[in-house]
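For what it's worth, the working numbering labels the leading residue of the sequence shown as 4, then goes sequentially.
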Amino acid sequence: MSAPGTHEPGTIEPGTIEPGVLCGVGTGPGDPELMTFRAARRIGEAPVVAYFCKRGTTGQARRIADAHIRPGQIEEALVYPVTNEIAHEEDSYRERIEAFFDEAAARLATHLEAGRSVCVLNEGDPYFYGSFMHVHLRLRERFRSEVVPGVISPLAAAAQLPTPLVMRDDTLSIVPGTLPEAELEAALRPAQAAVIMKLGKQLPKIRRVLDRLGLSARAWYIERASFDEERVRPLAEAPEVAPYFSLLVIHGEGVRR
């Protein structure tokens with residue numbers, strides 16, 4: 004029986020090439036020192052290293068992993084066709100991004116079929132809003148796979164606060180700020196501690212919700228957690244529009260229930 008997160012390949016006929024392994028590697032939130040030993044080893048061992056990026060860049064995951072990529076490895080840059088230019092709820096965005104993941108999976112499958120294992124870099128953790136999961140879901144029935152977990156940005160951000168994120172009987176909610184306002188409020192209403200991801204242009208809406216729920220005073224704005232350019236401040240001092248690498252953390256109050 005295969006271990007959780009892996010899928011056994013079919014029986015290999017004599018004289019055929021054994022397919023490579025698809026490995027999703029979490030590179031952590033930004034500081035290269037927060038990447039795990041296992042992640043560094045998997046990156047260095049892989050014949051092929053793939054990473055997602057915007058046009059004209061190599062992406063944060065590739066930057067974080069740079070010290071562990073060696074000469075002779077094949078690099079596959081998976082360049083998003085669109086990021087923030089089209090609203091994510093638009094049909095045209097969904098069509099283009101799904102076609103992109105189809106193409107990316109096909110490119111990686113070519114290496115795997117040839118017996119070359121592929122390490123796919125992912126900021127944070129591959130299964131935490133990670134792009135890796137989209138190619139994994141397309142390839143998991145055909146190839147053996149592995150996921151190397153990584154430190155996620157909510158924990159890197161919470162580590163900068165003067166108060167623990169959760170303690171005693173606190174529960175934690177992680178909520179995307181892209182939810183419609185009513186759904187966002189419903190998700191946060193029962194929260195004792197919360198992390199709100201994907202801020203960007205959503206920040207004014209999120210402020211309104213937190214004001215109505217009486218959570219604004221406990222909310223902290225963290226931008227580029229663990230990067231050299233990290234910014235940590237109370238929500239009241241946050242900008243009107245937040246960059247992509249930013250989130251809000253609402254710490255629990257540590258009440259025993």
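We put the beta carbon where it would ideally sit given N, CA and C, even for glycine.
Here the structure is a predicted model, which means the values were calculated and not measured.
For the options 53, 47, 27 and 66, the alpha carbon positioned closest to that of residue 34 is the one of 66.
Remark: C-beta atoms of residue 24 and residue 124 do not approach each other more closely than 8 Å. The C-beta of residue 227 has 16 or more other C-beta atoms within 10 Å across all chains shown, which makes the residue buried.
With a cut-off of 8 Å on Cβ pairs, the region 195-210 is in contact with the region 241-253, counting three or more such pairs.
DSSP places residue 73 in the coil class of the three-state scheme, outside both helix and strand. If one requires a minimum length of 3 residues, the beta strand (DSSP E) runs lying completely within the region 166-212 are 175-179 and 196-200, in chain order. Setting aside the 5 residues that flank it on each side, residue 78 is surrounded in the same chain by 52, each with a C-beta closer than 6 Å to its C-beta; the list follows chain order. Nearest to residue 31 by alpha-carbon distance, out of 212, 58 and 131, is 131. The beta carbons of residue 26 and residue 120 sit closer together than 8 Å.
Within the region 29-85, the runs of alpha helix (DSSP H) that reach at least 4 residues and sit entirely inside it are, in chain order, 40-48 and 63-67. Of all alpha-carbon atoms in 147, 229, 210 and 148, the one lying nearest the alpha-carbon of residue 155 is that of 229. Contact annotation, residue 100 with residue 85: C-beta distance approximately 7 Å; criterion of less than 8 Å satisfied.
When only Cα atoms are considered, residue 258 and residue 44 end up about 41 Å apart.
Within the model, the alpha-carbon separation for residue 107 versus residue 142 is close to 11 Å.
Taken in chain order, the unbroken stretches of beta strand (DSSP E) that lie wholly in the region 96-154 and span 3 residues or more are 121-125 and 148-151.
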